[in-house]
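In the UniProt record's numbering, the protein residues as written are 1 to 266.
This is the structure:
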């Protein structure tokens, strides 16, 4: 999918970070946008800015995708407005960090619902119309955390491993049916992600810009890739587990992600 002008794109987690940059870049290319996130004021401010700057159409849907039934509500809101979504960007997500047993079970439940269940539901709801048109694309935001288990971010790493596997499977199912699937795997990125996670201990390497991450994703559409890792060094690191014994890899990742503010020791 390379033509964006006049097409409708739906972006989850659109109010900040990578989602907000996706919105600006797609609007610059002429896409009309359905923007969804939890924060109503930010969404409306963003929509006004995009309309004024690029002259596109927008639809704002305030929704907490960690809650059951929210995906269906978004889909129904689009149907009521007659929106035909050609590009679905499942970007919303968050992480928890620390010893698993000390993390809130409710918080981890919400993390799984948002990172996994909402992504699956939205894909299931919007894919049939794309297939009917034999045109469309789905970008699922995974992470470099998807390529190995992640001690101290066990649930987050597992959800992103799911996203990567799920997306690659659907890439194969649909690659001759007119709809492209792409798993976007950024590393540490300059967003509010680490504020939401409550730590900077999970920052690995030099932080990338969300603009660079989005540019890589959009340039990868229309190629034969099922996933793309943002950044050359991130790609190299993501592939190390293919050549290094699992125990060695786990120990290395553990040392990088181990909380420092709570004095967690081996």
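Ideal Cβ placement from N, Cα and C applies to all residues, glycine included.
Beta-carbon proximity of residue i to residue j, cut-off 8 angstroms
i	j	result
residue 227	residue 144	no
residue 11	residue 43	no
residue 39	residue 66	no
residue 241	residue 233	no
residue 9	residue 92	no
residue 22	residue 75	no
residue 50	residue 68	no
Straight-line gap, residue i to residue j (C-alpha atoms, nearest Å)
i	j	result
residue 46	residue 212	20 angstroms
residue 147	residue 89	21 angstroms
residue 173	residue 133	16 angstroms
residue 103	residue 96	7 angstroms
residue 188	residue 208	6 angstroms
residue 270	residue 48	Nothing can be reported for residue 270: it is not among the residues displayed for the chain, which extend from 1 to 266.
residue 84	residue 182	20 angstroms
residue 13	residue 64	9 angstroms
residue 251	residue 161	19 angstroms
residue 214	residue 140	12 angstroms
residue 197	residue 157	Residue placement at residue 197 is poorly supported in this model, since its pLDDT is 48, which falls under 50; the coordinates are not used for a value here.
residue 110	residue 53	35 angstroms
residue 3	residue 216	16 angstroms
residue 169	residue 176	13 angstroms
residue 73	residue 165	26 angstroms
Proximal residues to residue i (C-beta, below 7 angstroms), its chain only, five neighbours per side dropped
i	result
residue 81	59
residue 218	25
residue 112	155, 159
Buried versus exposed call for residue i [16 or more other C-beta atoms within 10 Å across all chains shown]
i	result
residue 236	exposed
residue 20	buried
residue 98	buried
residue 79	exposed
residue 326	The question about residue 326 has no answer, for the chain in this structure spans 1 to 266.
residue 100	exposed
residue 55	exposed
residue 35	buried
residue 123	buried
residue 128	exposed
residue 245	exposed
Contact belief for residue i with residue j at Cβ below 8 angstroms, rounded distance in angstroms
i	j	result
residue 87	residue 136	7 angstroms
residue 163	residue 142	4 angstroms
residue 30	residue 210	Not really, about 21 angstroms apart at Cβ, beyond 8 angstroms.
residue 178	residue 131	7 angstroms
residue 221	residue 180	6 angstroms
Contacting residues, own chain, Cβ-Cβ under 6 angstroms from residue i (five flanking each side not counted)
i	result
residue 121	71
residue 238	144, 147, 229
residue 190	207, 209
Close beta carbons around residue i, own chain, < 8 angstroms, minus the five adjacent residues each side
i	result
residue 77	59, 61
residue 253	148, 149, 150, 151
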